[in-house]
Amino acid sequence: MRSLRPAHRPLFSSPSSTLLFSAAALPPSVPVSREESEDSQDTPLTTTSFTTHGGGGRVARCLDFPLFDRLLKTHHSLRPLQQVHALLATGGLLRHPHLGSQLILAYANLGFLHCSRVVFEEFNGSNSLLWNTMARVYTKNGCSGEAVELYSCMRRGGIPANNYTYPFVLKACAFSPMVSVGKSVHCDVIKTGFESDVFVEAALVDMYSKCGEIPHGRKLFDGMLERDLVSWTAMITAYEQSEKPKESLLLFHQMQEEGFVADRVTSITVASAVAQLGDTRTARSLHGFIIRNSFLADVAVGNAVISMFAKCGDVKLARLVFDAMDERDGISWNSMLSGYAQNGHASEALALFDQMLFSGPEPNPVTLLVVVSACAHLGSLHLARQLHSFVISSNMEVNMMLWNAIMDMYAKCGDLDTAVGLFSVGLDGRRDVNSWNVMISGFGMHGRGREALKLFQDMQEEGVLPNHITFTSLLSACSHAGLIQEGKEAFNDMGSKFMIAPMAKHYVCVVDMLGRAGRLEEARDLIAQMPIGPNDAVWGALLGACRIHGNRELGEFAAKRLFHLEPGHSGYYVLMSNVYAASTKWDEVGKLRDTMKSRGLRKPAAFSVIEIGREVHGFHTADLCHPDHAEIYRKIESLVEEMKVAGYEPDVACVLHDVEEEDKAQILNLHSEKLAVAYGIMKVEAGRPIQVTKNLRICNDCHCAFKFLSQICGRRIVVRDANRFHHFSEGACSCRDYW
DNA sequence: ATAGGGTTAG
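If you count the first sequence from 1, you need to add 84 to reach my numbering.
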């Protein structure tokens, strides 16, 4: 416990000449005589010393209360403030609680809490104002422990706590959080009779909620005789923060029924609740309310609305709000950027980031985190390197999260070596679980399952405890590499050794792993044994396996459940129609196509991207938009002829339409990934690898063709598809045709 | 002379 007696060492080593007479910031009218201050040269500047020395009185006649009040209310830097402090002390005016409190606040505003504390101790009175101010300062600066300690000193010293004291202390308990302290403060509140003060009650409700005891807070809230907007908002926020958006909105409506009108703060909280709910209609109606009350002029409200729309999937509206803002801060930009990223609009995010660099605020680590993950999604290695060097040159403080995101970005943009390099260096030599997770999943998506397993072992040897994400990455790595036995062991260890209950996503990986390996019955049985009910992704994994192995019956079994669980997900219809097409059930293919049409669903268009230098070239199937398309098509034809000589045969089974065989071969040649790779062969410097990113799964025929091409052209071809990377080299693929 | 509720991120 820190002593509350006056500090033995004064704040200033020599209170006389140096400080008082270099007082450039003091108004010229302030008369201070040299003799006055030299009187006190050898005496520490404490309240006691100046009450015994008569000299202070003469100064006090000149330096009166209103002057200091004004002086303290103007913004100072530390030096002038110290001079004001010295003058106050010499004048004995520090004993005036109001001025003491102002001085404490002034120091705190400059971030010099220890100076605030010195003032407080110099004062050393029993006036609650000073104690309250000190507690307020601690709380505001996140020093909850000190605030609570001060409060307990207050109690022991018999200083009466009042209706102002409790909110400060309770806020400190809420911040840290300290329930047991909070509860004892609650007892004091009752003992001292402040339990029906609206301010104190709101603080109590907030404290309990932030300590995770929402029912307790709710009980208090329900028992309140008088509630105001703040207490309602505290309770609404409690539900919002604990991810119970429905309860939050219910309370919001009840509040409105009782005649309260939400203000800006309430709107922000409610917007966040709506964002969690993800319902566009509710979002629009709240937006209307906010507009009617002209709250959008407030940047924070605008920011909350942007992220609300973004989380409801309505990026266009989010952008509209963003564009309409008079004033934007860093959060506005970050919210919009992450809105794009969350909704898969990676290139929009990157374009907006460009604009931010040009005309917006300085990007911070959160900005980069969002942009880096957008780049990872996009798969542009060129951009990845630009972003990385931006981070390095900007001197921003790189945290572990951003560091991990950068490694992930490199892995997803095809440069696993750089990711490994970063990982082995670590961020100031440090790594966390997620660093390991990123690398395990990185190796996994590049088909290097053994190395993923090795990392998993290393991680345990270093004493890093794996989490559920680790196992998702590891199981998916096993699945991609066909390491069935190892995958099954990992899945078993997860529950028994690491006490992590398998979640749906883990089952998805294992079903995928078994299914890919052709063990369809085993996969089906695993689903049947799931303690948690199977979700759509689990059935989707099974259906995907049925597509690979042409199992129509089991496919229908899975599809039936999928169409029921996720009737609006086009991918599942496409998968099932692939199964039908493979067994030439063209009438069934047609029926599924009609179902999709009637539900307004469309198969996402295939799209492949290749970067050449700073240029990005995108291709759709049979694309005629590219300026060089004629040349590209001629190139493909000549390449196909060369490949045929080497033994390539078009895999017409990949064409999922019922057309003539000759046409099928034509269609195959126009696949987006072939266009992109052919263009790469034309334009990328000889010997350099060709890297293509496709939004869907690579097709079988293209996969086969690229193996031949890598041989014929003597260069590496890297394709990132929707699932993983394929590295083609010398006639073989890194996936060893297991994908 | 002093107070309670707030937005972005894996």
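Glycine included, every Cβ here is placed at the ideal spot set by N, Cα and C. On a predicted model such as this, the values are computed, not experimentally measured, just so you know.
For residue 802, the beta-bridge partners assigned by DSSP are 775 and 811. Within the DSSP bridge table, the entry for residue 511 names 514 as partners. Between the beta-carbon of residue 392 and that of residue 355 there is about 4 angstroms, and that keeps the pair under the 8 angstroms contact cut. If you compare the alpha carbons of 812, 792, 779 and 801 with that of residue 428, the shortest gap goes to 779. If you keep only unbroken beta strand (DSSP E) runs of at least 3 residues inside the region 608-650, you get nothing at all. Residue 377 is positioned such that its CB atom lies no closer than 7 angstroms to that of residue 419. Every alpha helix (DSSP H) stretch that sits fully inside the region 541-580 and reaches 4 residues is listed by chain position as 552-565 and 568-580. Here DSSP, grouped into helix, strand and coil, assigns residue 374 to helix.
Following the DSSP letters along the chain, one finds residue 695 inside the beta strand (DSSP E) bounded by residues 691-696. Apart from sequence neighbours up to five positions away, the residues of its chain that approach residue 488 with a beta-carbon distance below 7 angstroms are 518, 519 and 522, ordered along the chain.
Taking every protein chain shown into account, the CB of residue 528 has 16 or more other CB atoms within 10 angstroms, so this residue is buried.
In summary, residue 148 is exposed, with fewer than 16 beta-carbon neighbours lying within 10 Å of its beta-carbon over all protein chains present. The beta carbons of residue 261 and residue 287 sit about 13 angstroms from each other, so the pair does not count as a contact at 8 angstroms. Here residue 414 carries a helix assignment [DSSP, helix/strand/coil]. Taking 7 angstroms as the cut-off, the beta carbon of residue 357 is found closer than this to the beta carbon of residue 329. For residue 700, the uninterrupted beta strand (DSSP E) run begins and ends at 699-704, by DSSP. Residue pairing by DSSP puts residue 816 in a beta bridge opposite 813. Residue environment analysis places residue 615 among the exposed positions, since fewer than 16 neighbouring C-beta atoms fall within 10 angstroms of its C-beta.
Contact between the region 681-692 and the region 776-796 is present: 3 or more CB-CB pairs across the two stretches fall below 8 angstroms.
Residues 168 of the same chain have their beta carbon placed closer than 7 angstroms to that of residue 155, with the five preceding and five following residues left out of the count. Sixteen is the threshold: when 16 or more other Cβ atoms of the shown chains lie within 10 Å of the Cβ of residue 497, as they do, the residue is buried. Contact holds between the region 289-308 and the region 317-337, because three or more Cβ pairs, one in each stretch, are under 8 angstroms apart. Counting along the chain, the unbroken alpha helix (DSSP H) around residue 350 starts and ends at 348-361. The shortest CA-to-CA distance from residue 608 to any of 581, 582, 639 and 265 is the one to 639. Every unbroken stretch of the alpha helix (DSSP H) spanning 4 or more residues and falling wholly within the region 269-309 is given here in chain order: 282-294 and 298-307. Assigned with DSSP and collapsed to three states, residue 388 falls in helix. Rounded to whole angstroms, the gap between the alpha carbons of residue 217 and residue 153 is 16 angstroms.
The Cβ-Cβ distance between residue 804 and residue 564 does not fall below 7 angstroms.
A distance of 7 angstroms or more separates the beta carbons of residue 536 and residue 503. DSSP places residue 321 inside the alpha helix (DSSP H), whose first and last residues are 313-325. Counting of Cβ neighbours within 10 angstroms places residue 278 among the buried residues, the total reaching 16 or more. DSSP places residue 211 outside both helix and strand once states are collapsed to three, so it counts as coil. A distance of 7 angstroms or more separates the beta carbons of residue 276 and residue 255. With contacts defined by Cβ atoms closer than 7 angstroms, residue 511 and residue 484 form a contacting pair. Taking C-alpha positions only, residue 793 is separated from residue 554 by approximately 36 angstroms. Pairing residue 754 with residue 706 gives a Cβ-Cβ distance under 7 angstroms.
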